[in-house]
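Novice: Per our numbering, residue -4 is the first one in the sequence shown, and the count goes up by one each step. The beta-carbon is built from N, C-alpha and C at its ideal position, and this holds for glycine as well.
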Amino acid sequence: MTDAVVVGGGFAGLLAARDLAKAGVHVVLVEASGALGGMVRRHTVAGIDLDMAADSFATRTDAVATLAIELGLGNDLVDPDPRGAWLMTRDGRTAKMPATGLLGIPGTPMAADVIAVVGQRAAFRAQMDSLLPSPIGARAQSLGALVRTRMGATVLDDLVTPVVAGVHSTHPDDLDPDRVAPGLRAALQREGSLARAVIALRERATAGSAVQGIRGGIVRLVDELVADLATWGVDVRLHTRATAIERAAVTVTGPDGASERLVADHVVAAVPDPERQRVTTPAGIELVTLVVDQPALDSGPRGTGVLVHPDATGVRAKAITHATAKWPWLAATAEGRHVLRLSYRTPAADVADLGTSLPVDPTDATGVRAATDAAALLGVPIPPAQVMGAAVVRWHGPDTVGAGLAEGVVGIGEAANGRGLAGIVGTTRSRIQDLLGS
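#1: Taking only runs that begin and end inside the segment 314 to 342, name each unbroken alpha helix (DSSP H) of 4 or more residues, in chain order.
#2: For Arg439, which of helix, strand or coil comes out of DSSP?
#3: State the beta-bridge partners of Ala239 as determined by DSSP.
#4: Excluding the 5 residues preceding and the 5 following Gly298 in the sequence, name in chain order all residues of the same chain whose CB lies nearer than 6 Å to its CB.
#5: Just confirm the distance between the C-beta atoms of Met83 and His304, as a whole number of angstroms; I'd bet it's less than 8 Å.
#6: Secondary structure at Ala253, three-state DSSP: helix, strand or coil?
#7: Bridge partners for His391 per DSSP, in chain order?
#8: When we look at the beta-carbon of Met105 and count the other beta-carbons within 10 Å, is it buried (16 or more) or exposed?
#9: From which residue to which residue does the alpha helix (DSSP H) around Val303 run?
#10: Quick one: is Gly222 buried, meaning 16 or more other Cβ sit within 10 Å of its Cβ, or exposed?
#11: What residue range is occupied by the uninterrupted alpha helix (DSSP H) comprising Ala107?
#12: Return the chain-ordered list of same chain residues with a C-beta closer than 6 Å to the C-beta of Val159, the five sequence neighbours on each side being excluded.
#13: Do Lys313 and Gly87 have their CB atoms nearer than 9 Å?
#14: Taking its Cβ as the centre, do 16 or more other Cβ atoms sit within 10 Å of Met146, making it buried, or is it exposed?
#15: Enumerate in chain order the residues of its own chain whose CB-to-CB distance from Gly69 is below 8 Å, with the five nearest sequence positions on each side excluded.
#16: Taking C-beta to C-beta, are Ile213 and Val155 nearer than 9 Å?
#17: Taking Asp153 and Arg85 to be in contact with their CB atoms under 8 Å, please state how far apart those CB atoms are, rounded to whole angstroms.
#18: In whole angstroms, what separates the C-alpha of Asp218 from that of Ala16?
#19: Helix, strand or coil, according to DSSP, for Ala365 in the structure here?
#20: Under the assumption that Glu281 contacts Val387 (Cβ atoms under 8 Å), give the Cβ distance between them as a whole number of angstroms.
#21: When you compare only the Cα positions, how much space is there between Ala117 and Pro379?
#22: Consider the C-beta atom of Gln289 and the heavy atoms of the ligand ATP; say whether any pair is separated by less than 8 Å.
#23: Establish whether the CB of Asp46 and some CB of chain D are separated by less than 9 Å.
#24: How long is the line joining the alpha carbons of Val150 and Ala48, rounded to whole angstroms?
#25: Identify the continuous alpha helix (DSSP H) that holds Thr156 and give its terminal residues.
#26: Which residue wins for smallest C-alpha separation from Ala111, given the options Glu402, Met92, Leu126?
#27: DSSP three-state label for Leu292, please.
#28: Can you give the Cα-Cα distance for Phe52 and Gly374, rounded to whole angstroms?
#29: Just to confirm, are Ala265 and Leu257 a CB contact at a threshold of 9 Å?
#30: Would you tell me roughly how many angstroms separate the C-alpha atoms of Leu138 and Pro172, rounded to the nearest one?
#31: Do Val20 and His261 have their C-beta atoms within less than 9 Å of each other?
#32: Going by beta-carbon coordinates alone, are Leu233 and Thr284 separated by less than 9 Å?
#33: What is the rounded straight-line gap between the Cα of Pro130 and the Cα of Ser188?
#34: When burial is assigned at 16 or more other CB atoms within 10 Å of the CB, is Thr308 buried or exposed?
#35: Is DSSP giving Gly69 helix, strand or coil here?
#36: Please confirm whether Val310 and Leu224 have their CB atoms less than 9 Å apart.
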């Protein structure tokens, strides 16, 4: 009899196993691959150690910061460079992201930085939000419908859509406002306008940046979690795939091909049930990292990066992060070189070598596409000779539709909670506390 089996050695699985073990529970953690951390791992490009995927976390709650402090990383929490990001609209225009907003929804519609993106006519239409009765649009089923009703189609298209697409890889018309902007609907009713609701939510948020990072990379959280698993005696089994996940048992196939049934008081799963058929296959995501030697980028010509409208012409990337402009610690590590991270949407069928960092030849199709997009987005030429190294990582989005688990199995991770480190940490810890208290 094992007290708990945790299925999946990604970030959520590591955190769940660690918290259970600290509470005195004997834990077996099974992971199908040969590596722990899921997408929160490191890769090395042109000799620079980098986060393979997420390089920051949202600060809308203190969940990740609290965990970092527990893991001894509190002194290494860092804010990004304050220059902020830019936007590229559908017609290829670029402008600084307005300073006062929430997911692109402007708190001051007639501000100069809003007008620079949407134009004066659209900004005036958005200002009319202040004259609409608060119930109008308040019951909209999607974030897109809410913004379109209150502030007009242009603000939705040119401001909100590129921000939301960059953050959530989804159009605002397909997102529940209560999930991506908790409290916004209630603030609209209370404040009387969507713009004032945005201002109110921003004022109530924790002071400082909307995101933070960790000096040395987010992957350091995984390093410390893995170290804690050893300290607290977690039985970690790599190359061990779950073939059946039940209320009180997990059937696994080990690296030698032998099958074993692990009986437990509790089963925690950070992966979909392998016996439940997927209704839909999640879309693919591709991240291309370039390390370039281009002095023209020293000034950070487009701040910390650019969020791109999904239908922007001439650019295939959905976003670029100028990582060495965003993180001063990384700029020091890179010693004059620049780290650029471009994200792309890909059909699910095209996602191969899932979760593996693969080197890219700057002269092949992927390398040329990334350098061409980076040049267009940052306004600086990047010829192949200036690309010192490149790598690509591909993965699926959260498989929420096919993630149903048997009754009694505790679901955690992306499959249960969607994307975002802050949400995963908060929900995982809450569910483990509930389990320990049951």
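Specialist: Reading it off the structure:
#1: 318 to 321, 323 to 329
#2: The chain is shown only over -4 to 433; residue 439 falls outside these bounds and no answer can be derived.
#3: On the sequence shown, residue 239 is found 244 positions in, with the first residue counted as 1. The beta-bridge partner set that DSSP reports for Ala239 consists of Thr246.
#4: Within the sequence shown, numbered from 1, the residue matching residue 298 stands at position 303. Contacts found: Arg78, Gly79, Ala80, Trp81.
#5: Here residue 83 refers to the residue found at position 88 when the sequence shown is read from its first residue. Here residue 304 refers to the residue found at position 309 when the sequence shown is read from its first residue. The pair is a contact, with the Cβ atoms about 6 Å apart (cut-off 8 Å).
#6: Start at 1 with the first residue of the sequence shown, and residue 253 comes out as number 258. Ala253: coil per DSSP, three-state reduction.
#7: One-based indexing of the sequence shown puts residue 391 at position 396. Answer by DSSP bridge pairing, in chain order: Gly279.
#8: One-based indexing of the sequence shown puts residue 105 at position 110. The residue in question, Met105, is exposed, as its Cβ has fewer than 16 Cβ neighbours within 10 Å.
#9: Residue numbering aside, residue 303 sits at position 308 when the sequence shown is read from its first letter. Taken as a continuous stretch (DSSP letters only), Val303 belongs to no alpha helix (DSSP H), being part of the beta strand (DSSP E) at 300 to 303.
#10: By 1-based counting over the sequence shown, the position of residue 222 is 227. It should be noted that the sequence gives Ala, not Gly, for residue 222. So Ala222 ends up on the exposed side.
#11: Within the sequence shown, residue 107 is the residue found at index 112, counting from 1. Residues 107 to 113.
#12: Along the sequence shown, read from residue 1 onward, the residue named residue 159 stands at position 164. The answer, listed in chain order, is Leu98, Pro167.
#13: As a working mapping, residue 313 is identified with position 318 in the sequence shown. As a working mapping, residue 87 is identified with position 92 in the sequence shown. Contact flag unset, no.
#14: One-based indexing of the sequence shown puts residue 146 at position 151. By the neighbour-count rule (16 or more Cβ atoms within 10 Å), Met146 is buried.
#15: Here residue 69 refers to the residue found at position 74 of the sequence shown. Excluding residues within five positions, the ones whose Cβ falls inside 8 Å are Ala60, Ala63.
#16: Within the sequence shown, the letter at position 218 stands for residue 213. Within the sequence shown, the letter at position 160 stands for residue 155. It is not a contact, given that the beta carbons lie outside the stated cut-off.
#17: Residue numbering aside, residue 153 sits at position 158 when the sequence shown is read from its first letter. Residue numbering aside, residue 85 sits at position 90 when the sequence shown is read from its first letter. That belief holds up - the Cβ atoms of Asp153 and Arg85 are roughly 7 Å apart, short of 8 Å.
#18: For the purposes of this step, residue 218 is identified with residue 223 of the sequence shown, where counting begins at 1. For the purposes of this step, residue 16 is identified with residue 21 of the sequence shown, where counting begins at 1. One C-alpha to the other measures close to 17 Å.
#19: For the purposes of this step, residue 365 is taken as the residue at position 370 of the sequence shown. Three-state DSSP puts Ala365 in a helix.
#20: In the sequence shown, residue 281 corresponds to position 286, counting from 1. In the sequence shown, residue 387 corresponds to position 392, counting from 1. So it is a contact: roughly 6 Å between Cβ atoms.
#21: The count along the sequence shown starts at 1 and reaches residue 117 at position 122. The count along the sequence shown starts at 1 and reaches residue 379 at position 384. Looking at the two C-alpha atoms, the distance is approximately 40 Å.
#22: The ligand content of the structure shown is nil, which means the ligand ATP is not present either.
#23: Considering every chain present, this structure includes no chain D. It has just one protein chain.
#24: In the sequence shown, the residue the question calls residue 150 occupies position 155. In the sequence shown, the residue the question calls residue 48 occupies position 53. Straight through space, the alpha carbons of Ala48 and Val150 are spaced by roughly 30 Å.
#25: Counted from its first residue, the sequence shown places residue 156 at position 161. Here the alpha helix (DSSP H) through Thr156 covers 156 to 163.
#26: Along the sequence shown, read from residue 1 onward, the residue named residue 111 stands at position 116. Nearest of Glu402, Met92, Leu126 to Ala111, Cα basis: Met92.
#27: The sequence position of residue 292 within the sequence shown is 297, counting from 1. Reduced to three states, the DSSP call for Leu292 is helix.
#28: Mapped onto the sequence shown, residue 52 falls at position 57. Mapped onto the sequence shown, residue 374 falls at position 379. Looking at the two C-alpha atoms, the distance is approximately 27 Å.
#29: For this step, residue 265 is matched to residue 270 along the sequence shown. For this step, residue 257 is matched to residue 262 along the sequence shown. For the pair Ala265 and Leu257, the CB atoms are not nearer than the 9 Å cut-off.
#30: Position 143 of the sequence shown, counted from the start, is the residue given in the question as residue 138. Position 177 of the sequence shown, counted from the start, is the residue given in the question as residue 172. Taking the straight line joining both Cα atoms gives about 5 Å.
#31: Your numbering for residue 20 matches position 25 in the sequence shown. Your numbering for residue 261 matches position 266 in the sequence shown. For Val20 and His261, yes; Cβs fall inside 9 Å.
#32: Residue mapping note: residue 233 aligns to position 238 of the sequence shown, counting from 1. Residue mapping note: residue 284 aligns to position 289 of the sequence shown, counting from 1. Cβ distance not < 9 Å, so Leu233 and Thr284 don't count as in contact.
#33: By one-based count along the sequence shown, residue 130 stands at place 135. By one-based count along the sequence shown, residue 188 stands at place 193. Taking the straight line from one Cα to the other gives about 9 Å.
#34: In the sequence shown, residue 308 corresponds to position 313, counting from 1. Exposed, by the Cβ-count rule.
#35: Residue 69 sits at position 74 when you count from the first residue of the sequence shown. Correct three-state label for Gly69: helix.
#36: Counting from one through the sequence shown, the residue named residue 310 turns up at place 315. Counting from one through the sequence shown, the residue named residue 224 turns up at place 229. Taking 9 Å as the Cβ cut-off, Val310 and Leu224 do not qualify as a contacting pair.
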